[in-house]
Amino acid sequence: MHRIAAVAVALSLVPGLGSGAEMIASWDSADLGAWRTRGQAEFAKPAGEGRTGKRCLEIQVGPGGKPNYPQFYRDFRAGIAAGDRFRVKVDVRGEGVSQDPGAYLALEFLQGGRRVGIAHSQTGKANGAKGWETLNVPNATFPRGATTMRVSLILHAQGTAWFDNVRVERIGRGIQPFAGGQRTVRVSPQDVIHSRFGGVGYHVFYHCHETTPAHLNEVILKRWRELNPSFARVTHSWSWDEAKMAYVAEQMKVWRRTGTEVYLTTWGPPDCPTEASRQAYAKRVADMLEYFVVEQGCTNLKTFCLTNELSLKSWGSLRSDLPKFRAYHQAFADEFSARKLPVGLLATDAAPSASWHTIEWAARNMDDITAVYGGHHYINEYALADANFQPWFRQRLDWATGIARAKGKDFIIGEFGAKQARNTVKGKRNDACIYWGTEEEPFVAIQLAEAVIAALNAGVYALGNWTFADFPDEYRSNYQNKWGLFKWAGTDYSTRPHYYSYGLLTKYLRGPGRVLRVASNDPLVRVAALARESDGALTVVLVNRNPEQVRIELDLGRQSGRPLRRYVYDPHRPPHHPFGDLPEPDALAAADGPRLEVALPAMSQILLTSAYESELPPVVVGVSVAPSAKGARVSWHPVDAADLCYYRAYRAQGAAWKQVGSTIATSLRDPDGALDDRYRVVAVDQSGNASK
1 MHRIAAVAVA LSLVPGLGSG AEMIASWDSA DLGAWRTRGQ AEFAKPAGEG
51 RTGKRCLEIQ VGPGGKPNYP QFYRDFRAGI AAGDRFRVKV DVRGEGVSQD
101 PGAYLALEFL QGGRRVGIAH SQTGKANGAK GWETLNVPNA TFPRGATTMR
151 VSLILHAQGT AWFDNVRVER IGRGIQPFAG GQRTVRVSPQ DVIHSRFGGV
201 GYHVFYHCHE TTPAHLNEVI LKRWRELNPS FARVTHSWSW DEAKMAYVAE
251 QMKVWRRTGT EVYLTTWGPP DCPTEASRQA YAKRVADMLE YFVVEQGCTN
301 LKTFCLTNEL SLKSWGSLRS DLPKFRAYHQ AFADEFSARK LPVGLLATDA
351 APSASWHTIE WAARNMDDIT AVYGGHHYIN EYALADANFQ PWFRQRLDWA
401 TGIARAKGKD FIIGEFGAKQ ARNTVKGKRN DACIYWGTEE EPFVAIQLAE
451 AVIAALNAGV YALGNWTFAD FPDEYRSNYQ NKWGLFKWAG TDYSTRPHYY
501 SYGLLTKYLR GPGRVLRVAS NDPLVRVAAL ARESDGALTV VLVNRNPEQV
551 RIELDLGRQS GRPLRRYVYD PHRPPHHPFG DLPEPDALAA ADGPRLEVAL
601 PAMSQILLTS AYESELPPVV VGVSVAPSAK GARVSWHPVD AADLCYYRAY
651 RAQGAAWKQV GSTIATSLRD PDGALDDRYR VVAVDQSGNA SK
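Put into structure tokens, the structure is as follows:
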């Protein structure tokens with residue numbers, strides 16, 4: 001009998017699970033009573049249709065049917081704990097499946113009836129179209145708070161198919177307690193995870209907003225130069241006029257001078273339904289990129305993507321039309337190649353990690369026009385206090401980088417952040433971190449540091465936190481975006497706590513560098529290490545998730561060459577500075593040979609680095625005071641130092657000096673100053689050294 005499309009599944013115990021794997025259930029294909037159904041479709045358990053010729057599960061959606069995720073599903077509850085990791089496989093064959101996402105496998109995690117996590121196999125109408133094919137959810141973690149794991153076999157398309165040989169395996173248990181004894185962390189200098197790491201950085205949007213020279217010099221660019229990221233994901237608009245293009249080019253030159261690699265992606269590209277319209281759009285985009293890279297010399301612009309998070313007309317809409325995404329990128333690739341434009345294309349920029357199956361699709365269907373793979377994730381599944389986030393994220397990244405490396409490519413995390421707020425503030429939709437303004441806000445830094453550590457150890461090329469600065473209040477009347485390391489609310493540019501932790505990571509985990517393999521015998525002490533490419537200077541970042549201070553023996557594997565500067569971020573006592581100046585190191589850690597003992601405060605981030613210079617910048621001279629419309633304007637002669645970062649200006653208050661500003665310029669206005677006040681200015685270099 002002709003079937004429009006059928007999906008059938010026979011369930012059986014499979015030998016040879018591999019090291020450490022554990023089958024949590026076994027099935028006999030003659031007894032499929034544990035599987036239940038949801039949705040509108042014809043469900044059957046026919047004999048003889050499975051891959052092994054036995055009974056299976058079948059879903060059929062007729063030509064007039066409207067798919068609504070009809071599925072067979074089975075729930076698991078007993079013996080599962082937070083942090084347990086699972087692998088699920090199923091064989092599928094489809095017939096007449098005419099729509100994406102077709103027949104696929106999903107692993108859902110539920111708290112009561114509410115979904116708190118999901119992982120998919122690859123999706124697409126091609127699944128099983130040429131015969132039996134194995135679909136795979138390779139590594140999914142049971143989140144804290146979940147009560148049920150649901151295996152779902154779905155046909156979201158018209159047609160019929162067959163699934164056979166479902167395997168559900170536990171491949172790892174949750175975090176085990178420290179076994180006791182001496183806590184040790186070892187760095188292996190000869191064991192390189194990534195030979196040319198690109199850097200920890202930010203998504204950048206500030207160039208899209210109007211501002212003043214003083215705001216640029218004293219806030220945005222001063223902080224940019226001090227935090228010194230070597231990677232940035234940057235928003236592009238296809239509708240920029242010539243004046244805006246020139247301004248953006250100037251900012252790209254700033255980023256070039258700070259050694260910042262740029263990944264450009266478009267905010268709101270136009271819908272181009274025909275090949276001709278896509279070719280015309282590709283020419284427009286290529287004109288813009290050619291202006292930046294060739295005419296203006298912004299050779300740090302290395303990567304481009306069609307759109308943010310597969311959005312076209314609506315957020316994420318291209319997740320269900322990946323061939324159209326490919327068609328756009330093909331038009332870009334053809335145009336870039338014709339012009340010999342040295343900009344690569346990234347696929348797919350999808351969010352959240354549950355949508356990273358689109359990256360697997362891209363690797364199968366558009367690798368020939370893809371230079372690098374990438375995606376986003378916001379940590380909505382895990383509370384700040386949940387230690388299971390870091391190993392879960394590491395597993396997701398291992399999977400993603402594995403897909404990229406199998407193609408000889410890199411993987412980029414274009415955006416990541418803590419949990420998203422979904423509320424309204426003063427009539428505006430609030431796009432921000434849910435923890436801002438709460439007692440938990442300082443602990444966001446610890447979760448972000450864990451994400452960075454996971455990324456380095458998984459071999460990620462680069463990553464960017466959303467976002468460097470808030471959007472200004474006046475951006476839109478009905479929407480606000482307040483994710484920045486610092487605020488942009490009227491004239492309030494104050495920093496958030498993670499400025500002083502994540503900012504250290506962007507400053508010292510710079511590319512190019514070699515990510516070194518590390519090992520910690522305490523699962524709650526997380527660590528990553530980077531050797532600077534130019535001279536081998538070492539940076540080690542540690543997070544102590546233990547609720548108490550612990551002491552570790554840190555084995556660097558070699559002599560550090562110089563004492564390590566130590567920076568401690570303690571969320572119980574987060575630092576703050578009125579002008580966003582980073583704190584000085586709190587100590588020098590000298591190693592006795594390759595080993596040293598380090599105290600890690602409870603729930604803290606510790607950064608140790610030899611990537612610094614000790615020589616002080618030259619003394620600032622020529623300080624003068626002039627009248628200003630309000631207060632006084634202080635000026636000085638520029639300092640001739642290759643690694644100059646910024647200047648700090650001080651006004652005398654009796655025998656003391658009060659800092660009145662920081663800037664990259666050679667003057668600033670002191671609104672409370674007067675012509676007869678005394679001032680001094682110090683220069684600060686990239687190592688944080690201040691002149692006398």
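Anchor point for the sequence shown: position 64 equals 64 in our numbering, and the numbering is continuous, going up by one each time.
Where is the CB? At the ideal position from N, CA and C, for every residue including glycine.
Asked	Found
Answer yes or no: do residue 539 and residue 582 have a C-beta to C-beta separation smaller than 9 Å?	no
Spell out the partners DSSP gives residue 544 in its beta bridges.	525, 604
Tell me the DSSP secondary structure of residue 628 in three-state form.	coil
Looking at the secondary structure, which residues open and close the beta strand (DSSP E) in which residue 498 lies?	Run containing residue 498: none; DSSP gives neither H nor E here.
Quick check on the DSSP output: what are the complete beta strand (DSSP E) runs of length 3 or more inside the region 211-242, in order along the chain?	231-236
Mark residue 64 as exposed unless 16 or more other C-beta atoms lie within 10 angstroms of its C-beta, in which case mark it buried.	exposed
In this structure, does DSSP put residue 255 in helix, strand or coil?	helix
For the alpha helix (DSSP H) containing residue 474, list its first residue and its last residue.	That residue, residue 474, is in no alpha helix (DSSP H); it is neither H nor E in DSSP.
Just verifying my parser: in three-state terms, what is the DSSP assignment at residue 689?	coil
Would you decide whether residue 699 is buried or exposed? Buried here means 16 or more other CB atoms lie within 10 Å of its CB.	An answer regarding residue 699 cannot be provided, because it is not within the stretch 1 to 692 covered by the chain.
Thinking just about the alpha-carbon of each residue, which of 344, 280, 117 is nearest to the one in residue 331?	280
Identify the residues that DSSP records as bridge partners of residue 684: which are they?	646, 690
Where does residue 83 sit, in a helix, a strand or coil, going by DSSP?	coil
Helix or strand or just coil, what does DSSP make of residue 279?	helix
Where do the ends of the alpha helix (DSSP H) carrying residue 308 lie?	Looking at the DSSP string, residue 308 is not in any alpha helix (DSSP H), and its letter there is neither H nor E.
Assuming contact is defined by CB atoms lying nearer than 9 Å, are residue 455 and residue 205 in contact in what I supplied?	no
Identify the residues that DSSP records as bridge partners of residue 539: which are they?	530, 609
Give the range of the beta strand (DSSP E) segment to which residue 512 is assigned.	510-520
Could you check if residue 238 is buried or exposed, using at least 16 other CB atoms within 10 Å of its CB as the buried criterion?	exposed
Tell me which same chain residues have a C-beta within less than 8 Å of the C-beta of residue 152, skipping the five on either side of it?	71, 72, 73, 105, 106, 107, 108
Could you check how far apart the C-beta atoms of residue 144 and residue 546 are, in whole angstroms? I think they sit under 8 Å.	Not confirmed; about 17 Å, so no contact.
Please state the DSSP three-state secondary structure of residue 94.	strand
Whose CA, out of 687, 604, 667, lies closest to the CA of residue 617?	687
Tell me, to the nearest whole angstrom, how far the beta carbon of residue 657 is from that of residue 680; I am working on the premise that it is less than 8 Å.	6 Å
Within the continuous alpha helix (DSSP H) that includes residue 410, where are the two ends?	Here residue 410 belongs to no alpha helix (DSSP H); instead the beta strand (DSSP E) covers 410-417.
Kindly give me the distance between the Cβ atoms of residue 344 and residue 371, rounded to whole angstroms, as I take these residues to be in contact under 8 Å.	3 Å
Based on DSSP bridge pairs, tell me the residues matched to residue 657.	652
What does DSSP give as the partner residue(s) for residue 374 in the beta ladder?	348, 412
Can you tell me where the alpha helix (DSSP H) with residue 428 in it begins and where it stops?	No alpha helix (DSSP H) contains residue 428, which is instead part of the beta strand (DSSP E) from 428-432.
How far does the alpha helix (DSSP H) with residue 325 in it reach, from first residue to last?	322-339
Is it true that the CB of residue 432 sits closer than 9 Å to the CB of residue 482?	yes
Any contact of the region 589-598 with the region 554-566, i.e. 3+ C-beta pairs under 8 Å?	yes
I'd like the list of long-range same chain contacts for residue 503, defined as Cβ closer than 7 Å, with 5 residues on each side in sequence excluded.	227, 485, 582
Is it buried or exposed, residue 489, if we count other Cβ atoms within 10 angstroms and call 16 or more buried?	exposed
What is the DSSP secondary structure of residue 393, reduced to helix, strand or coil?	helix
Compute the distance between the beta-carbons of residue 232 and residue 159, then report whether it is under 9 Å.	no
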